[in-house]
Amino acid sequence: MAKERKRIAVIPGDGIGNDVVREGVKLLETLKEVRGYPYELTHYDLGAERYLRDGTTFPEEVAAAIRDDHDAVLLGALGDPRVPDMSHARDILFGLRFGLDLYCNLRPVQCLSDRLMPLKGRTAKDCDFVVFRENTEGIYTGIGGQFKKGTPDEVAIQESINTRKGVERIIRAAFEYAVAHGRKTVHLADKSNAMRHGHELWYRCFFEVAEEYSGIEAKHVYVDALCFYLIEDPRPFEVIVTCNLFGDIITDLGAAFQGGLGMASSANLRPGEVSMFEPVHGSAPPLAGKDVANPLATVLTVGMLLTHLGYTDEEPRLIELVRRAVDEGKCTKDVGGDLGTRAVGDWICAQVRAS
Ligand code: NAD
Ligand code: IPM
Ligand code: MN
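Take -17 as the starting number for the sequence shown in the working numbering and just add one per residue.
Take a look at the structure:
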């Protein structure tokens, strides 16, 4: 896979999405030049600015071009206070996640430096787990409606969709990952005590799939208790599989173990097919355009993207570079440095050239 020409679609989106994706692109261009990788970048002007200018959100021809002619998408973030209903953001973000059936949202929660570990008595090595977030179903599908809106009798219904196919494939992905990466345990985090239809399916499916992976210990934890256990001691957790909504929440909590949202990366995968890569953080409107956003989550995200393209040596190298950036203070203020977004990106690229 790594040899042929590849195409990467780039969508910076809104707010600091622009600041961090600029650094991600700089890194991709530097790696292309230094290592001779044969990939091409296609830049798409999509986001709140474009929506406010001409009403465009996520045109069918762009969706088709990404699906048919690209291997990966690098996305910044979406969300702008000038579009309070987030309609453009949902069209683009869910257009990619649902449109490409990117069922596996892989979010690593690895603390890279003792300095970033916020838990008393713990060090960086105590936090190293991955979250497999189901990415195409659950409460996110938009199924439901409002009735008698704005009246005292109003009703709002938001359905949660859990299909056997959807639940099984993400659980299987979590076990496969554990096998491939020498992890010993997979935890299912659910609310099968309260959500006795949808999450009973998750619970049953989890232990059925686990039967096929005799070398891996399958454990169940309720998601509320998981939040408690994680803060108390993250060490027992290696691989966590969970639904769309809980995965969203657990990974922001996890970002706090990593030094903040500026350090958390993610991949939206359909293995072997075009997949999308984005930092976990949002568009952080108050930071936008000020050269203060931390680009390291995007550097780690570029590492995940390159692994997907088959350039598997790059991700471990980029993780090490990010670790050094933090340890040597070549980082932004949120992680204890005094550099701007651009200067951090320049430092990363300079290290790539020097290596
Ligand atoms: P946020 O992630 O944008 O910000 C939360 C906190 O983290 C803020 O204090 C922010 O300053 C800080 N932060 C985030 N990224 C940072 C970075 N790279 N460097 C330094 N600090 C960083 O979350 P929010 O404020 O809840 O949301 C803002 C907008 O982003 C909303 O419209 C939301 O819907 C959207 N959002 C989009 C995505 C996405 O596109 N995938 C993800 C999350 C939130
Ligand atoms: C994320 C974000 C999105 C989500 C929002 C912007 C819809 O929080 O990617 O983590 O909930 O999936
Ligand atoms: Mn989120």
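Positions of the beta carbon are idealized from the N, C-alpha and C atoms, including for glycine. Please read these numbers as outputs of a predicted model, since none were measured by experiment.
Asked	Found
Buried/exposed call for Phe129, threshold 16 Cβ in 10 Å	exposed
Where Leu57 falls: helix, strand or coil (DSSP)	strand
Within 9 Å, strictly: CB atoms of Val113 and Ile222	yes
Of the residues Val161, Tyr211, Val149, Asp62, the one placed nearest Leu183, counting alpha carbons only	Val149
Integer-rounded CB distance, given that Gly(-3) should sit under 8 Å from Ser247	So it is not a contact: roughly 18 Å between Cβ atoms.
Coarse secondary structure for Ser174, derived from DSSP in three states	coil
The region 201 to 213 / the region 159 to 166 touching (three or more Cβ pairs under 8 Å)	no
Proximity test, Asp(-4) beta-carbon vs the ligand IPM heavy atom, cut-off 8 Å	no
Three or more C-beta pairs below 8 Å linking the region 57 to 64 and the region -5 to 9	yes
Given Pro253 as reference, the closest of Val308, Leu98, Glu141, Asp83 once Cα atoms are compared	Asp83
The ligand NAD heavy atom lying under 8 Å from the CB of Met177	no
Beta bridge counterpart(s) of Thr167 as assigned by DSSP	Glu199
Through-space distance from Glu260 to His290, alpha-carbon basis	13 Å
Closer than 8 Å: Gly264 CB and nearest the ligand MN heavy atom	yes
Alpha carbon of Phe188 to alpha carbon of Leu170, nearest angstrom	7 Å
Three-state secondary structure assigned by DSSP to Asp50	helix
Extent of the continuous alpha helix (DSSP H) run through Asp234	226 to 240
Thr233 beta carbon near the ligand MN (any heavy atom closer than 8 Å)	yes
Beta-carbon spacing of Cys86, Ala279 below 9 Å	no
CB of Gly126 within 9 Å of CB of Ala138, strictly	yes
Inter-residue CB distance, His52 and Ile(-10) (contact presumed, cutoff 8 Å)	7 Å
Exposed unless 16 or more other CB atoms sit within 10 angstroms - verdict on Ala275	buried
Reference Lys147, options Phe111, Thr118, Val168, Thr123, closest by Cα	Thr118
Contact test: Glu260 Cβ vs the ligand NAD heavy atom, cutoff 8 Å	yes
Between the CA atoms of Gly(-5) and Leu75 - distance to the nearest angstrom	10 Å
Residues near Leu98 in its chain [Cβ-Cβ closer than 6 Å; skip 5 each side]	Gly241
Contact set for Asp67: own chain, Cβ-Cβ below 7 Å, skip 5 residues either direction	none
Lys(-12) - containing alpha helix (DSSP H), residue span	Unbroken run through Lys(-12) is the beta strand (DSSP E), -12 to -5; no alpha helix (DSSP H).
Distance, Asp73 Cα to Phe80 Cα	10 Å
Three-state secondary structure (DSSP) of Gly217	With the sequence shown as reference, residue 217 is identified as Arg, and Gly is not the correct amino acid for it. Residue state, collapsed to three classes: coil.
Test: Lys14 CB closer than 9 Å to a CB of chain C	Structure shown: chain C not included; a single protein chain is present.
Spatial neighbours of Val203 in its chain, beta-carbon cut-off 6 Å, leaving aside the 5 residues before and after	His169, Ala171
Distance cut-off 8 Å: Leu60 Cβ against heavy atoms of the ligand IPM	yes
Exposed unless 16 or more other CB atoms sit within 10 angstroms - verdict on Asp50	exposed
Ala207 beta carbon near the ligand NAD (any heavy atom closer than 8 Å)	no
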